[in-house]
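Here the numbering used here runs 2 ahead of the position in the sequence shown, where the first position is 1. Each residue gets a CB set at the ideal place from its N, CA and C atoms; glycine is no exception.
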Amino acid sequence: MTNLSNPVTPRAMTWGDFKSTLEQNPDLHLQFEYEAGKFVDSAYHITEIKQAPVVSVDCGGQMNSWTEVIVQLWEPSNQEVDRAMKVGKALKIVSLVEQSLPLDPNAVVKIEFGNSKFDTRQMYPGEFIAERETFTVSLVPDFTQCKALTRNQSCGTSSGNASCCGPARG
3 MTNLSNPVTP RAMTWGDFKS TLEQNPDLHL QFEYEAGKFV DSAYHITEIK QAPVVSVDCG
63 GQMNSWTEVI VQLWEPSNQE VDRAMKVGKA LKIVSLVEQS LPLDPNAVVK IEFGNSKFDT
123 RQMYPGEFIA ERETFTVSLV PDFTQCKALT RNQSCGTSSG NASCCGPARG
C-alpha cells in the first residue's frame, strides 16, 4: 500500500505561516540566529528561494511525499552594511520569486545557511523575536528520524517490537 503523507516534524512551519509572520513586521531589520548568540552577518543576501518536491520510501517500505521551500542565505566576504535588510526588502525578493515560481503555502520552510565557521545546513525557523528595530528568526536544526518507528512499526518487518534497521523477517 502506498501512503503519500507529509512527515512534517513538530518543528516544521509552513511557508504560508512563515511568510505571514514576516508580513506582520515589514519595517523591522531581519536577522537570523543560527546558534545561541551567533547571527548571520548583517550583510547577508537572500541568494535564492528553492521549492523542492520530496518523494521518499522509508525503511518500513512506506512512500512519503512533501514539498519544501528553502530560503538560502549567503554572507559576502566583505561586510557591506552595518544593519540587516528590513523584512520588507526580504518580502520584495519573495514577491520577485513568486512571479516566476508560485510557492506552495503548505510546504515546509527551511533556511539554508553556512559560513567558514558553520557548516552549511538547512534549519527550521524556530522562535521569532520582535524587539526594538529587529525581527530575529532563531533557527533550529533539522534532525533525522525513523518514520517506521513513528508509526509504531519497524524497518522492513511486520512486528512493531522488532529492532529498527534489522533484517526483514519473511
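If we ignore side chains and look at the alpha-carbon of each, how far apart do residue i and residue j end up?
i, j, result
"Tyr36", "Met65", "32 Å"
"Pro104", "Gln74", "17 Å"
"Ala54", "Gly39", "30 Å"
"Ala14", "Pro127", "8 Å"
"Phe130", "Val71", "18 Å"
"Gln33", "Phe41", "7 Å"
"Tyr46", "Gln81", "9 Å"
"Val59", "Glu135", "45 Å"
"Thr138", "Leu98", "23 Å"
"Thr122", "Thr152", "28 Å"
"Met125", "Lys119", "16 Å"
"Glu25", "Ile95", "13 Å"
"Thr69", "Pro107", "10 Å"
"Asp43", "Gly18", "26 Å"
"Ser102", "Ser156", "42 Å"
"Ser79", "Gln147", "35 Å"
"Ile51", "Glu133", "26 Å"
"Phe20", "Val57", "23 Å"
"Glu114", "Ala92", "15 Å"
"Thr23", "Glu100", "17 Å"
"Met87", "Ser67", "34 Å"
Give a yes or no on whether the C-beta atoms belonging to residue i and residue j are separated by under 8 Å.
i, j, result
"Thr16", "Ala109", "yes"
"Glu77", "Asn27", "no"
"Lys112", "Asp144", "yes"
Mind checking which residues open and close the alpha helix (DSSP H) that includes residue i?
i, result
"Thr152", "Lys149 to Thr152"
"Phe20", "Trp17 to Glu25"
"Gly90", "Val89 to Ser102"
Hey, residue i and residue j are a contact pair by Cβ (cut 8 Å); roughly how many whole angstroms apart?
i, j, result
"Val89", "Leu141", "So it is not a contact: roughly 16 Å between Cβ atoms."
"Gly62", "Lys149", "7 Å"
The beta strand (DSSP E) with residue i in it runs from where to where?
i, result
"Gly116", "Val110 to Asn117"
"Val83", "No beta strand (DSSP E) contains Val83, which DSSP labels as neither H nor E."
"Arg127", "Here residue 127 is Pro; the residue named in the question, Arg, does not match the sequence. Element bounds for Pro127: Phe120 to Glu133."
"Leu30", "Taken as a continuous stretch (DSSP letters only), Leu30 belongs to no beta strand (DSSP E), as it is neither H nor E."
"Glu50", "His47 to Val59"
"Leu141", "Thr136 to Pro143"
"Leu75", "Met65 to Trp76"
So, does the CB of residue i fall closer than 8 Å to a CB anywhere in chain D?
i, result
"Ala14", "Checking the listed chains, one finds no chain D in this structure; it contains a single protein chain."
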